[in-house]
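Reading through the structure tokens given below for one structure.
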DNA sequence: CCTGAAAACTAAAACGC
DNA sequence: GCGTTTTAGTTTTCAGG
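Residue numbers (full-length UniProt numbering), protein chains in the order written: chain A, 1 to 167; chain B, 1 to 167.
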């Protein structure tokens, strides 16, 4: 359908930057820093949401603080042709899958999986491998992060059912 | 040092959930849904931030809307032992790296890279490969996402210098 | 650790430019 | 498209249980 560029100017860019840095910044404050009234900023933010540039506002959380201490990337190999539609269904069955995509290379898909601990991860992996047309998986466990923290959200559910602590 | 569990109760969990769903929810509204006054909610949120459970509030953005249309995972192989410290330095030199971690398996590190387009990605890759002790890289390009959208933020800088459109 | 109330601030809507 | 004003609601501080 219509996919016209939808004007997106310097002002919009600055507004988005401000909201990414702090989603709770007031419209007045943003306006002051970009040279617009609070009202004008609100109108633009509303439009940015309607056009899907901004998809939401969220608190970023340190996953380990919520009890997600194990993380892995899992390459998935399917039997025969792997229809992305069917793959998407499978992926939605496992809440521990934080991200999933089809990729180039030998694998059909790459999953980003979060689990409480190694035991939990093993259980998730077994569950995934039991899905109909999954032929094999190769897991790469994450050892440590080299960048401060990409929220890499996906920790959609805060309590994986044990007592989380802060470190 | 002290790494005592730092009490984290059911109420905190609900508050975090509410803020992850919508970072702009008012304290009063959160309070109403968890059975606390707005003031009490604010105090808890302040504490959750101080203790590092909540690391920030951010707008989630569709990267393609900002001109980031190419995404890849890059396995990095280093010469000899790869000291995570040095790797971290290298990673910080390239703003296109949205996430980076050390991993199990043959590779020393896994990078999540975002670029404007394939040309830009090639340039980033060449830049990375010129770093001192990088021996080889294997790239896996992302074709399509199977889940709605993990913000997977890391789009820290909104304008990769071209005119982005909405689709 | 909580509630409640007052002051300061912010958001939302209406109106005109 | 933007700004100003009004009205309603929210955040923050402070007193007190």
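Here a beta-carbon is modelled for each residue, glycine too, at the ideal position from N, C-alpha and C.
For residue 87 of chain B, the enclosing alpha helix (DSSP H) covers residues 84 to 92. Neighbours of residue 24 of chain A in chain B, taken as residues whose beta carbon is under 9 Å from its own, are 23, 24 and 57 in chain order. If one requires a minimum length of 3 residues, the beta strand (DSSP E) runs lying completely within the UniProt domain "HTH asnC-type" (8 to 69) of chain A are 54 to 61, in chain order.
Across the stretch 9 to 23 of chain B, CB contacts with chain A closer than 8 Å involve 13, 16, 17, 19, 20, 21, 22 and 23, in sequence order along the chain. The C-beta separation of residue 101 of chain B from residue 146 of chain A comes to about 6 Å, placing the pair in contact by the 8 Å criterion. Residue 115 of chain B has its alpha-carbon roughly 7 Å from the corresponding atom of residue 69 of chain B. CA-CA distance, residue 29 of chain B to residue 38 of chain B, rounds to 8 Å. One alpha carbon belongs to residue 63 of chain B, the other to residue 128 of chain A, and they sit about 28 Å apart. No Cβ of chain A is located within less than 8 Å of the beta carbon of residue 80 of chain B.
According to DSSP, residue 147 of chain A shares a beta bridge with no other residue.
For a Cβ distance threshold of 8 Å, nothing in chain A lies close to residue 77 of chain B: the least Cβ distance comes to about 13 Å.
Rounded to whole angstroms, residue 94 of chain A and residue 112 of chain A show a C-alpha spacing of 11 Å. Those residues of the stretch 98 to 116 of chain B placed with their C-beta closer than 7 Å to a C-beta in chain A are 98, 99, 100, 101, 102, 103, 104, 105, 109 and 110, ordered along the chain.
Within 10 angstroms of the beta-carbon of residue 138 of chain B lie fewer than 16 other beta-carbons, which makes it exposed.
With fewer than 16 neighbouring CB atoms inside 10 Å of its own CB, residue 118 of chain A falls in the exposed class.
C-alpha of residue 8 of chain A to C-alpha of residue 8 of chain B: approximately 42 Å in a straight line. Listed along chain A, no residue sits closer than 8 Å to residue 40 of chain B by beta-carbon distance, the nearest being about 18 Å off. Residue contact with chain B for residue 35 of chain A: absent (no Cβ-Cβ distance below 8 Å to any residue of chain B). The Cβ atoms of residue 22 of chain B and residue 27 of chain A lie no closer than 8 Å to each other.
Among the residues of chain A, those whose CB is under 7 Å from the CB of residue 84 of chain B are 144 and 146, following chain order. Secondary structure at residue 114 of chain B: strand, using DSSP grouped into helix, strand and coil. Beta-bridge partners assigned by DSSP to residue 134 of chain B: B/78. Listed along the chain, the chain B residues whose CB falls inside 9 Å of the CB of residue 54 of chain A are 59, 60, 61, 62 and 65. The C-beta of residue 88 of chain A comes closer than 8 Å to at least one C-beta of chain B. Under DSSP, residue 97 of chain B takes part in a beta bridge, and its partners are B/113.
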